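Residues 683 to 1138 in my numbering are what the sequence shown lists, from first letter to last.
Read through the structure below, which is laid out as C-alpha cells, and then see the notes.
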Amino acid sequence: MTHVAIIGGGPGGYEAALVARRSGADVTLIDRDGLGGSTVLTDCVPSKTLIATSDLLTEVGTSAELGVEIPSTPRADLASVNARVLRLAQAQSRDIEDRLRSAGVEIVKGTGRIDAPGTVVAATDEGERVVAADSILLATGAHPRVSPDAQPDGERILTWEQVYGLDEIPEHLIVVGSGVTGAEFASAYNGLGAQVTLVSSRDRVLPGEDPDAANLIENVFTRRGMTVMGNSRMASVNRDGERVVVTLTDGRTVEGSHCLLALGSIPNTADLGLDAVGVETDDGGFIAVDKVSRTSVPGIYAAGDCTGVLMLASVAAQQGRIAMAHLLGDAVNPLSRLKVSSNIFTSPEIATVGLSQRQIEERGLVVDATILPLASNPRAKMQGVHDGFVKLFARQGIGTLVGGVVVGPRASELIHPVSVAVSAQLTADHIAEAFTVYPSMSGSVAEAARRLHRLV
Ligand SMILES: Cc1cc2nc3c(=O)[nH]c(=O)nc-3n(C[C@H](O)[C@H](O)[C@H](O)COP(=O)(O)OP(=O)(O)OC[C@H]3O[C@@H](n4cnc5c(N)ncnc54)[C@H](O)[C@@H]3O)c2cc1C
C-alpha cells in the first residue's frame, strides 16, 4: 500500500488526505496549529464570518429606502461578534478533524520537516516521530508579512490573525495595504461603524483587479465615509499610548486608534528541510510546482499557499487533490489558472473568473466585451441595489466566454454560471438561452450574454 506523508492540515493538506484515503493509500498528516489550517482558524473562515455581520449592518442601513424605520441605530457588539467568529472557526476545525479520523487518516500534532527523500520527521510534545513515506505532500501555507518598521503588538497594531481579540469597534482603524485582504477588512470595519482610513501605495485600491470593479468599490468606500489615501506608501507604524501613528515615505502621518497591517504573505517554507533534498523555491521562498503539483524532486508534491500559485483556499484544495490523483494513478486534470473563480468579499462583492481585461490585452486576444450595470435589473430596483455590474468577455467570431466579472451583493454566487461557461468553453449564446428566474439578479448575467450575440 502507498504511504503518503502530508505536512500541513489546511485545505491543501486535508483535501489531499481525503482523496488519498479514498484511493486506498495510507496517510499520515502532520499539523502544528489545528486542522483546517489558517483558512479555517485565522484567515478565510473568520474574516468571512466577521463580514457576515458587517454585511447585515450595511443592509440594515439601507432599510429606509425600502420603507422600514428602525427606531434606534443598530450596532455590533464586537466582543460577541468575535466570540462567534472564533467559536465557529474552532467548530469547523473539529469537524474537519473528525472527518479525517473517520476516513482513517493518521493525524500527528507537531511540526514536520523533510529529513531525507521518503522520510519526514515530526517534532511533537512527546518527542520526535519519524514517518517513512513513499511520497510527501507539502501544504504548509503562509503567514502575514510584517515589516521591521511596523511591528504588530497584538493590541493596536495588528495582523489579520490578531483582529479577533478586539472587544470594541476601533474608533479609527488605519488599514495599511489595499490588496484583497486590506480592502475586505476596510469594507468590513466600515460596515461595522468604525472610522476607516485605507492607505494604498498605488493610485487606486485593488490594483491587480478589474479596473471598473476597483473604481466602483473605491467610489462606494468614499461615499460611505472611508478615507482612501492613494499613492501613499507606509514607512513605519508606531504606538503612542492609546494611539497609533502611521508615517508615510513622503513624511506625512496618519493617526488612529488601531492599525491593521495587510502587507501580503510569506510562505511557511523556511524550516522544512527543502534545501537538504533539493526542492526548488523561488526568491520569495515559494515552492516551484508544475500543473500537477510536482516539485523539482520526484515523490515530493506541494499544494496551496506555500507554492504561491494562486493564494486561495479553493486552489490549495484543488492542487492537493490533483497531487494525489497524479501520485495514485487516478485521472488527472492539471490545474488551469484560467478557470479559477474568486471573490473579494467587500460590500458589494467582486467576483471574477477566467481571463481579466489585462490578460486579454497582454495576449492580444480579440474579444467582444460588454458591461451591464445592475441598476437596470428589476430585482435590484426592488431591493434597493444601486452598485454593481456584470461584465463578460467572449472570443470574437466563436463567442466562447473567456472571462467575466460580477460586482454586486452575493456576486460570489452570481459568478457561477459564468464560471461553468468559461470552464466548459460555452458561448455567450448558451448563457443567454438558459432560462433565468424573473425577477432575479442572474437575469443580468443572461442579459449581458444576450448583448454579446452576433447575427450570423
Ligand atoms: C484574511 C484572509 C482571508 C482569506 N479569505 C479567503 C477566501 O475568502 N476564499 C479563499 O479561497 N481564500 C481566502 N484566503 C486565502 C486562503 O486562506 C489561503 O489560500 C489558504 O489558507 C491556503 O491553504 P493552505 O492549505 O495552503 O494553507 P493553510 O490554510 O495556511 O494551512 C497550512 C497549515 O500547515 C500548518 N503548518 C505550517 N508549517 C508546518 C509544519 N512545518 N509542520 C506542521 N504543520 C505546519 C499550519 O499551521 C496550517 O495549519 C484568505 C486569506 C487571508 C489572509
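No residue lacks a Cβ here, since even glycine has one placed at the ideal position from N, Cα and C.
Everything numeric in this text was worked out from a predicted model, so none of it was measured.
Approximately 19 Å separates the beta-carbon atoms of I1097 and G1081; this is outside 8 Å, ruling out the contact. Burial check for Y983: the Cβ neighbour count within 10 Å reaches 16 or more, so the residue is buried. Residue side-chain check: L994 places its Cβ nearer than 7 Å to a non-hydrogen atom of ligand 1. Around the beta carbon of S1058, a 10 Å sphere encloses fewer than 16 other beta carbons of the protein chains shown; the residue is thus reported as exposed. K791 carries a strand assignment under DSSP once its states are collapsed to helix, strand and coil. DSSP places H1068 in no beta strand (DSSP E); its state is neither H nor E. Burial check for I752: the Cβ neighbour count within 10 Å stays below 16, so the residue is exposed. Within a 10 Å sphere around the beta-carbon of L1074 sit 16 or more other beta-carbons, which makes this residue buried.
In the three-state scheme derived from DSSP, where H, G and I count as helix and E and B as strand, M908 is classed as coil. Within the stretch 1011 to 1082, the complete beta strand (DSSP E) runs of at least 3 residues fall at 1023 to 1026, 1031 to 1036, 1049 to 1055 and 1071 to 1077. Closer than 7 Å to some heavy atom of ligand 1: that does not describe the Cβ of I982.
Residues V927 of the same chain have their beta carbon placed closer than 6 Å to that of N920, with the five preceding and five following residues left out of the count. Its chain contains D1069 as the residues whose beta carbon lies nearer than 6 Å to that of V902, once the 5 sequence neighbours on both sides are disregarded; these appear in chain order. Annotation for V828: P834, T841, L943 and L945 place their beta carbon closer than 8 Å to its own, counting only its chain and skipping 5 residues before and after.
Counting only the Cα atoms, G749 lies some 44 Å from A998.
Apart from sequence neighbours up to five positions away, the residues of its chain that approach N1025 with a beta-carbon distance below 6 Å are E1031, A1033 and S1094, ordered along the chain. The residues G823, A824, S947, P949, M993 and A998, in chain order, have a CB closer than 7 Å to that of D987 in the same chain once the five nearest residues on each side in sequence are set aside.
Considering only A1062, L1108, R1061 and A958, the residue with the shortest C-alpha distance to G800 is A958. N897 is classed as exposed because its beta carbon has fewer than 16 other beta carbons within 10 Å across all chains shown. With fewer than 16 other Cβ atoms from the protein chains shown falling within 10 Å of its own Cβ, Y1120 counts as exposed.
Secondary-structure assignment with DSSP links H940 through a beta bridge to L855. Closer than 7 Å to some heavy atom of ligand 1: that describes the Cβ of A824. Distances between the C-beta of R1092 and the heavy atoms of ligand 1 are all 7 Å or more. A residue is called buried when at least 16 other Cβ atoms come within 10 angstroms of its Cβ; D953 does not meet this threshold and is exposed.
With respect to the 8 Å criterion, V878 and V857 are classified as neighbours on the basis of their beta carbons. With contact defined as three or more Cβ pairs closer than 8 Å, the stretch 702 to 713 and the stretch 784 to 794 are in contact.
Annotated as proximal: I839 and C941, with beta-carbon spacing under 8 Å.
A distance below 8 Å between beta-carbons, with the five flanking residues on each side excluded, links A758 to the following residues of its chain, in chain order: T735, S736, L739, I851, L874 and G875. Assigned with DSSP and collapsed to three states, P949 falls in strand. Taking a 10 Å sphere around the C-beta of D807, we find fewer than 16 other C-beta atoms and assign the residue as exposed. Around the CB of A773, fewer than 16 other CB atoms lie within 10 Å, so the residue is classed as exposed. Bridge partners of G1090 according to DSSP: E1031. According to DSSP, A804 shares a beta bridge with G794 and R811. Restricting attention to P693, F1071, T1118 and V1127, the CA atom closest to the CA of P893 is found in F1071. Going by beta carbons, S762 and L723 fall outside the 8 Å limit.
Going by C-alpha positions, A771 is about 43 Å away from L1134.
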